[in-house]
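Chemist: Dumping the structure here so I can ask a few things about it.
In the working numbering, the protein residues as written are 1270 to 1427.
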């Protein structure tokens, strides 16, 4: 049994992203190198064993939306893209990502989604005040759930 979910993100971002943030976002999407300093998602705790076999918490930064190629369980292709909206009616950036995600990654990915929601164009604001950032579908489900960010938290479907 697998706990994988299909994560689909489609969001237009305002043009209020610094060069440092843009570099980190590109890294998370797998389209740029890791920046020297992380400011969007800053901690990647993982429990490992030290030389004596005792559990210790280590920091293991890794890009969150960088998988590419054939999906293992959800079918189709995984990938991420970021495109400038310069010259269009509203500037900024358009981001699309399709990933397989395990619930163990919800917290880290949630930090990134909350950051994206604070920079999302107003067209992503829902009637309840939350920001729609995409969809989440358990790999065996036929229909995805809308993925919303409100009050600084992702409303992960049950």
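All C-beta atoms, glycine included, are put in the ideal place defined by N, C-alpha and C.
Predicted, not measured: the structure shown is a model, and the values here were computed from it.
1) With respect to the alpha helix (DSSP H) encompassing residue 1400, which residues constitute its N-terminal and C-terminal limits?
2) So which of 1379, 1420 and 1425 has the shortest CA-CA distance to residue 1398?
3) From the DSSP output, in three-state form, read off residue 1425 for me.
4) How many Å lie between residue 1489 and residue 1400 at the Cα?
5) Is the CB-CB distance between residue 1285 and residue 1333 below 9 angstroms?
6) Residues in its own chain within less than 6 angstroms of residue 1414 by CB, not counting five upstream and five downstream?
7) Pick from 1325, 1390 and 1288: whose alpha carbon is nearest that of residue 1317?
8) Under a Cβ-count criterion, where at least 16 other Cβ atoms within 10 Å of its own Cβ denotes burial, should residue 1422 be classed as buried or exposed?
9) Once the 5 residues before and after residue 1329 are set aside, which same chain residues still bring their CB inside 6 angstroms of it?
Modeler: Concretely, from the data shown:
1) Start at 1 with the first residue of the chain shown, and residue 1400 comes out as number 131. Counting along the chain, residue 1400 falls outside any alpha helix (DSSP H), though it belongs to the beta strand (DSSP E) covering 1400-1407.
2) As a working note, residue 1398 is residue 129 in the chain shown. Checked all of 1379, 1420 and 1425; the closest Cα to residue 1398 is 1420.
3) Translated into positions along the chain shown, residue 1425 becomes position 156. In this structure, residue 1425 counts as coil in the three-state DSSP scheme.
4) Here the chain has residues from 1270 to 1427 only, and residue 1489 is not among them.
5) On the chain shown, position 16 is the one that residue 1285 refers to. On the chain shown, position 64 is the one that residue 1333 refers to. No; because the gap between Cβ atoms is not below 9 angstroms, this pair is not in contact.
6) Your numbering for residue 1414 matches position 145 in the chain shown. Contacts found: 1405 and 1426.
7) Residue mapping note: residue 1317 aligns to position 48 of the chain shown, counting from 1. Of the listed residues, the one whose Cα sits closest to residue 1317 is 1325.
8) On the chain shown, position 153 is the one that residue 1422 refers to. Residue 1422 should be labelled exposed.
9) Start at 1 with the first residue of the chain shown, and residue 1329 comes out as number 60. 1313 and 1315.
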